[in-house]
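Quick notes on the structure that follows.
There are 2 protein chains.
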Amino acid sequence: MSAHRDLRISGERLWHTLTETAQFGAIPGTARGMCRLTLAEADVAVRHWFIAACKALGMTIAIDQLGTIRARREGSDPALAPIGIGSHLDTQPTGGRFDGILGVLAGLEVVRTLNEAGIVTRHPIEVIDWTNEEGARFAPAMVASGVFAGEFTLDYALAQKDRDGVTLAEALDHAGFAGPVEPGALPLAAHFELHIEQGPVLEAERLEIGVVEGVQGIRWYDVSVKGQTCHAGTTPMALRRDALHAAARLAIAVDAIGRSDPGQSLSTIGLFQAFPGSRNTAPGEVRMTVDLRHPEVAGLDRMEAALAAQIAALEGETGCTATLSPIWSSPPVRFDPNVIAAIAGATQRLGYTHRAMLSGAGHDSVYTARVAPTGMIFVPCENGISHNVAENITPDEATRGANVLLQAVLDYDASAG
Amino acid sequence: MSAHRDLRISGERLWHTLTETAQFGAIPGTARGMCRLTLAEADVAVRHWFIAACKALGMTIAIDQLGTIRARREGSDPALAPIGIGSHLDTQPTGGRFDGILGVLAGLEVVRTLNEAGIVTRHPIEVIDWTNEEGARFAPAMVASGVFAGEFTLDYALAQKDRDGVTLAEALDHAGFAGPVEPGALPLAAHFELHIEQGPVLEAERLEIGVVEGVQGIRWYDVSVKGQTCHAGTTPMALRRDALHAAARLAIAVDAIGRSDPGQSLSTIGLFQAFPGSRNTAPGEVRMTVDLRHPEVAGLDRMEAALAAQIAALEGETGCTATLSPIWSSPPVRFDPNVIAAIAGATQRLGYTHRAMLSGAGHDSVYTARVAPTGMIFVPCENGISHNVAENITPDEATRGANVLLQAVLDYDASAG
Chain A
945 MSAHRDLRIS GERLWHTLTE TAQFGAIPGT ARGMCRLTLA EADVAVRHWF
995 IAACKALGMT IAIDQLGTIR ARREGSDPAL APIGIGSHLD TQPTGGRFDG
1045 ILGVLAGLEV VRTLNEAGIV TRHPIEVIDW TNEEGARFAP AMVASGVFAG
1095 EFTLDYALAQ KDRDGVTLAE ALDHAGFAGP VEPGALPLAA HFELHIEQGP
1145 VLEAERLEIG VVEGVQGIRW YDVSVKGQTC HAGTTPMALR RDALHAAARL
1195 AIAVDAIGRS DPGQSLSTIG LFQAFPGSRN TAPGEVRMTV DLRHPEVAGL
1245 DRMEAALAAQ IAALEGETGC TATLSPIWSS PPVRFDPNVI AAIAGATQRL
1295 GYTHRAMLSG AGHDSVYTAR VAPTGMIFVP CENGISHNVA ENITPDEATR
1345 GANVLLQAVL DYDASAG
Chain B
945 MSAHRDLRIS GERLWHTLTE TAQFGAIPGT ARGMCRLTLA EADVAVRHWF
995 IAACKALGMT IAIDQLGTIR ARREGSDPAL APIGIGSHLD TQPTGGRFDG
1045 ILGVLAGLEV VRTLNEAGIV TRHPIEVIDW TNEEGARFAP AMVASGVFAG
1095 EFTLDYALAQ KDRDGVTLAE ALDHAGFAGP VEPGALPLAA HFELHIEQGP
1145 VLEAERLEIG VVEGVQGIRW YDVSVKGQTC HAGTTPMALR RDALHAAARL
1195 AIAVDAIGRS DPGQSLSTIG LFQAFPGSRN TAPGEVRMTV DLRHPEVAGL
1245 DRMEAALAAQ IAALEGETGC TATLSPIWSS PPVRFDPNVI AAIAGATQRL
1295 GYTHRAMLSG AGHDSVYTAR VAPTGMIFVP CENGISHNVA ENITPDEATR
1345 GANVLLQAVL DYDASAG
């Protein structure tokens, strides 16, 4: 055990791997931009690279019916299920080279490090590339880990279509990644995921590691505000039912809902457009989205009630009506105390500055947490930016994250089961 | 003179003409919708119909270099310039059968009435179809009356292109309406325009006629609000620079500017869109338009200063910056006291309920007012709606407007010059 605690990954090798594999889907003309849509050419190429790299390390490959790649390094105790180190190799259409990718390639680096040191863990170690985490080609996001955890049925997932009408089943067949393994058939003893924060907190607080204790709940809504289109020059202000003005009031209220529980509540209007969209016509309709997040169900309920109350009050205040349509929700997730403890202990021992935090974004770990002890490690990213060609981290940040991953997995392996 | 005062147009004949000519550009599947874009097939068809109808009444036709049709009925005094009765036969792409069209066809009805009664006016009467009033095919709107009045040069107007890159000059050539007459070469003794109100005031006050004393000034702006795109789930509210939130505050302020001088000031945000437009991303930019209107230059100046002050304050309040780009303005217009008096006098004599009012929209009369005594007559329209296939008026409303036009022109003819 004490020998394990001195073990470190090779930051240089990890960075080289991150850089080398960024060729698969690199966006020409950008410094680091990536387009690696699920099962499109670049994703298929990196999958083949990943399988070859794992095989070169002596690992065995299982591919499930959703194309998820599970690369296995055997342990010493045949009775134990594997510890998974998973994330995803797909990206947004204008994404970066770290979101998801870091978690998979750091898993590979962990195995390389264990091989070099000749360490045999008790549990098998599986490095996992979950299919279609981003949801950029097929909705919903995190579909393969969702089926693994029983959130979606296999048939539902396989029937999802991309914008060209190609189903996930057809894309898997075409790419040669429709594997034989039932997604839920291979249980996990635990799931560890290293990920960039995708937010500015660690950078703002100048901290090196985020020990992620859970994931916020998320609720998505569509809102339509309806008034009466009218001519900009001929309709007195007092006779207008201006949907843009009503929607602006609602936007101010939504922002206030996000600020109502500082450090916990978040609200975002991502889409907002006025119709018909003519310079000299007051809009008759505004369509907007609302994204509410909170770590507690009670908090989400309170925010939703406040939003519904604002919408109900809008007609009396503005003469415009609004409808609120819930379209998706994801309940809050609490990660496993033992996995969190392993990550926190490893971080402290490594001497990295850190804080406990929640993930604001969804990850495959949201779903694995339903069926296996799960935890996540965050590293800072530049300006908190992701889902953007400007996404960036430093080699030191990648190295620290992978060292926490290595040490936490080894600690968990030694103590669990 | 007293005989003239008993003269009335034929409401039935006018309505028949309005209905009959609505075939040129009728939108299939709508009750009254019209698409008669400048010099497109339907506009060319109605132009040929109009010329034939005028010739049948013994009128002579002059077509200027911008295709404006001036149909002339001679007067008794060869020293006098003609009194124009003008508006436009073109429509918005999804417009109605009264906006502009009523003013031209009521002019035709006035001539029919004079012919039947055997009345010879002192001034010649010209019924005028101004080319491209709507601005829907070629920008700017009211381009032919603008060149007539010296606001634009002929070359500028002819070089304007539609969305397919066809110039106005090419469209005129193609349609056979590139006439020989220089637009400003035929002066007018006066210009009378009957038009639907395009607003709800007359209907709301249950009044039959609007005596239009002028046209509001208009200023158009583009506004860009810039913040920082961020992930909806990972960026604390306190660290955001949310362009949508800043733009919503600005929208509230713009609405307040419109309400600052009740009965005078108007403000409208017609276009408003958030970018990049992703459900789980707080917008980094909002692009919006602002339309400010006021009957006085000083009022416009004050509104513009208030808008500029709000924009300047936005950065301190929200961390987002905004830029204000003026893109077009039209100064306030005061119509001619003698023309207004003729219209008001005729309205009173006819016993129609009425009020003095300003036009909120632009019209060809805005430009004719610069070079000829000008006035306008408004009739109510259903729900104040225009630029819409739902645009509607009643036969009685059309009749009353045309009777005021007839009587006002006769009075002006008798007293002026």
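Here the protein sequences come in this chain order: A and B.
Residue numbers for the first sequence, in my numbering: 945 to 1361.
Residue numbers for the second sequence, in my numbering: 945 to 1361.
Ideal Cβ positions, reconstructed from N, Cα and C, are used throughout, including at glycine.
None of the values given here were measured: they were computed from a predicted structure.
Where residue 1056/A is concerned, the enclosing alpha helix (DSSP H) starts and stops at 1045-1061. With respect to the C-alpha of residue 1123/A, the residue from 1012/A, 972/A, 1147/A having the closest C-alpha is 1012/A. Counted as a single uninterrupted DSSP element, the stretch harbouring residue 1184/A is not any alpha helix (DSSP H), since DSSP gives it neither H nor E.
Around the beta carbon of residue 1004/A, fewer than 16 other beta carbons lie within 10 angstroms, which makes this residue exposed.
Annotation: the continuous alpha helix (DSSP H) that includes residue 1091/A extends over 1087-1092. Using beta-carbon distances, residue 1174/A counts as an interface residue toward chain B, with a partner under 9 angstroms.
The stretch 1086-1096 of chain B makes contact with the stretch 1008-1025 of chain B; the number of CB pairs closer than 8 angstroms reaches 3 or more.
Contact of residue 1225/A with chain B by beta-carbon distance below 8 angstroms involves 1212, 1214, 1331.
Residue environment for residue 1269/A: exposed (fewer than 16 other C-beta atoms within 10 angstroms of its C-beta). Excluding the 5 residues flanking it on each side, residue 1132/B has same chain C-beta neighbours closer than 8 angstroms at 1025, 1026, 1027, 1028, 1070, 1312, 1315, 1316, in chain order. The C-alpha of residue 1032/B lies about 10 angstroms from the C-alpha of residue 982/B. Under the Cβ distance rule, residue 1180/A counts among the residues neighbouring chain B, one pair being separated by less than 9 angstroms. Residue state for residue 1003/B is assigned as coil, using DSSP reduced to three classes. With a beta-carbon spacing of about 5 angstroms, residue 1019/A and residue 1067/A fall inside the 8 angstroms limit used to define contacts. Within the stretch 1301-1355 of chain A, the runs of alpha helix (DSSP H) at least 4 residues long that lie entirely inside it are, in chain order, 1308-1312.
Going by DSSP, residue 1164/B is part of no alpha helix (DSSP H) but of the beta strand (DSSP E) stretching over 1161-1170. Residues of the stretch 1238-1271 of chain B with a Cβ closer than 8 angstroms to any Cβ of chain A: none.
With contacts defined as CB atoms closer than 9 angstroms, residue 1166/A and residue 1255/A fail to qualify as a contacting pair. A residue is called buried once 16 or more other Cβ atoms fall within 10 Å of its Cβ, and residue 1002/A, having fewer, is exposed. Leaving aside the five residues that flank residue 1215/A on each side, the residues in its chain whose CB is nearer than 8 angstroms to its CB run, in chain order, 1231, 1232, 1233. Annotation note: the stretch 949-1025 of chain B contains the following uninterrupted alpha helix (DSSP H) runs of length 4 or greater, listed N- to C-terminal: 955-965, 985-1000. Judged by pairs of C-beta atoms under 8 angstroms, the stretch 1171-1182 of chain B touches the stretch 1201-1211 of chain A, as three or more such pairs exist. Its chain contains 1006, 1070, 1072 as the residues whose beta carbon lies nearer than 6 angstroms to that of residue 1014/A, once the 5 sequence neighbours on both sides are disregarded; these appear in chain order. In the structure shown, the three-state DSSP call for residue 1235/B is strand.
The beta carbons of residue 1238/B and residue 1161/B sit closer together than 9 angstroms. When DSSP states are grouped into helix, strand and coil, residue 1039/A belongs to the strand group. Looking at the DSSP output, residue 1272/A bridges to 1164/A.
Distance from the Cα of residue 968/A is smallest, within the candidate group 1171/A, 954/A, 989/A, for 989/A. Below the 9 angstroms Cβ cutoff, chain B contributes 1142, 1143, 1159, 1160, 1162, 1210, 1212, 1235, 1237, 1303, 1304, 1305, 1306 as neighbours of residue 1177/A, in chain order. The residue among 959/A, 1153/A, 1080/A with its C-alpha nearest the C-alpha of residue 1301/A is 1153/A. Within chain B, 1214, 1215, 1216, 1217 have C-beta atoms less than 9 angstroms from the C-beta of residue 1221/A, given in sequence order. Judged by beta-carbon spacing, residue 1332/A lies within the 9 angstroms limit of residue 1039/A, meaning their Cβ atoms are closer than that value. Cβ-Cβ distances below 8 angstroms link residue 1252/B to 1268 in the same chain, with the five nearest sequence neighbours on each side left out; the list follows chain order. For residue 1194/A, the three-state secondary structure derived from DSSP is helix. Against residue 1189/B, the close residues of chain A are 1195, 1199, in the order they occur along the chain (beta-carbon pairs closer than 7 angstroms). Secondary structure of residue 1138/B (DSSP, three-state): strand.
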